[in-house]
Each structure stands twice: as C-alpha cells, then as structure tokens.
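Remarks on the structure that follows.
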C-alpha cells in the first residue's frame, strides 16, 4: 500500500511539473500535452462503447465534432456575423460561458449517440462497424456543406475567433503569473483543467466498470443472447453505452474548440476515429 501511495504521489508531481518542463522547449510542446489529454478523454469514452459493451464504433469522432461545433456556435461571433436577426439581439455575439456550453455539448453529443444507437441495436461486428463508420463520415460531410443556403457551420472555412475559457474571472486567453510561476495563455491553464477532467473521467469509468451497469455491459459483450436470457435489458443498456460514450466525446470536443480557437470539418476525419480506436485496442 505504501509503495502504491509513493508511486501515486510521484506520478502526480510529474504531471504537475511536466508542462513547465515542456514549456522550455516552446508552447507547442505544452499544446501537444493538452491534445494528448483530450485524446485520453476520447479513448475513455470510446472504451465504454467498445471495451465495456463490445460495440465496435468507427465513427466516434463525430461526437467530438458535435461538441466542438456546439461551443464554436455559442461562443464566437459567427452567428452574429451571419444572421441579422441574431445580431439585433446579440450585437457582439453570444459568447456563452464554458460552464453553460459544457453540459450543452455533452447533452447534444449524448443525444446523437443514442440516435445512432437506436437503428443499430440488431447489428453486430462488421455490420455495426460499417454503419458507425458511415455515420462519422456523414456528420463530417454535413459540417462541410452546411454553409448554403443557410450558413450554419461556415463550411470548409470553419469557425474562428472562438472564445477562450473564462472561469471565475480567470481568463485562459491571457498570460498570468501566480506565485512567481508564469502561465502562458491558453495552453498552460488548459493543461491543468484538462488534467483535472481526465482524472475525473478515469474515476467515473472506474466506478462504472464496477457498477451493476458495467457488469451488465460486460455480460452483453461476452454473450448477448445469454445476457438477455438472464433478464438483462440489452436494448436499453446498449443505448446507454452509446449515449455515455458520446457524452465523453462531446465534452472533449468543447475543450478542443477552446484550445484551438478555430474548428473546421478537416479536424474530424476518419483518421482521427481510427487513432482513438487504436488507443482503446
């Protein structure tokens, strides 16, 4: 127990000082660390679908895109610049706060996840993989073409000037010095926020795995027919797996858009889905 505690403490110290060490080589390295944490959250979410429930999802990046565009539309001047009626109400843009958009992005992505799961309940294996792959590409193509006749996503040009995170007056878009330690704007504060959310995600997944729902998912993964014979509601639990996994994707997407300040459909290609699947496998 003592050895484990020492390892945990050392690991925590390394994670805390790592971005300051990386910053000596440039902010780009801290940004890489932030992106790595986002991919960890994506992998944790996809692991609920693929690892726990045994449902192969090759279009998972679509939920990442849904979360990113949720924040992009609600926290940028895009809507004001595009629609006159919107400008009359919000002259300088909506600029919704992160604490409001995070649950919205998660809820919208979770809803899309359940909408994807509903028509695929009877599919397994390769057939399910093909359908989810198609769903991921459909979302990307929609985002790429929703600039006419009504400009919603700005098409391949993407959405820019997305707000940085602001929490209790602390603006992640500005440089800060705390106790003599410099926190360069966006990347350094984002690293610690993302790290906190990854730790929370790990704890949630850990509890899910050992819960009644988690054991039911694993029973479905091992033998769906036997699980159904034992009284497990496979339909609802598979939908829940899709919804829960998509929620993690939506949260990650919101954070991605705050980090980048710009999003476009090219950021959510099939290659990204394959990378996340490879992380889970």
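In this note's numbering, the protein residues as written are 49 to 329. All C-beta atoms, glycine included, are put in the ideal place defined by N, C-alpha and C.
**Asked** CA-CA distance, residue 291 and residue 264?
**Response** 16 Å
Is it right to say residue 149 is buried, meaning 16 or more other beta carbons lie within 10 angstroms of its own, or is it exposed? buried
Discussion item. Excluding the 5 residues flanking residue 181 on each side, which residues of the same chain have their C-beta closer than 6 Å to its C-beta?
Written reply: 106, 107
Supposed contact pair residue 94 and residue 324 - C-beta distance, whole angstroms, cut 8 Å: 5 Å
| task | Scan the segment 79-133 and note each continuous alpha helix (DSSP H) run of 4 residues or more that stays entirely inside, going in chain order. | result | 109-122, 126-130
What's the C-alpha gap between residue 190 and residue 116? 14 Å
_Can you find the residues in the same chain that come closer than 7 Å, C-beta to C-beta, to residue 246, ignoring five residues on each side of it along the sequence?_
85, 88, 89
- Chain-order list of residues whose beta-carbon lies under 8 Å from that of residue 302 (same chain, five-residue window excluded): 115, 116, 118, 119, 146, 149, 150, 153, 154
Point to revise | Within 7 Å, strictly: CB atoms of residue 236 and residue 67 | key: yes
| Nearest to residue 297 by alpha carbon, out of 158, 82, 60? | 158
| DSSP state of residue 210, grouped into three classes? | coil
- How big is the Cα-Cα spacing for residue 72 and residue 171? 50 Å
(request) Would you decide whether residue 188 is buried or exposed? Buried here means 16 or more other CB atoms lie within 10 Å of its CB. (result) buried
**Item:** Nearest-angstrom Cα separation, counted from residue 327 out to residue 91
**Value:** 6 Å
| said: In the DSSP assignment, the alpha helix (DSSP H) including residue 180 goes from what residue to what residue? | reply: 173-193
Note to self: Quick check on residue 165: buried or exposed, where buried means 16 or more other Cβ atoms within 10 Å of its Cβ?
What the structure shows: buried
Grouping DSSP H, G and I as helix and E and B as strand, with all else coil, what is residue 271? coil
Sequence-distant residues of the same chain with beta carbon closer than 7 Å to residue 219, five excluded per side: 212
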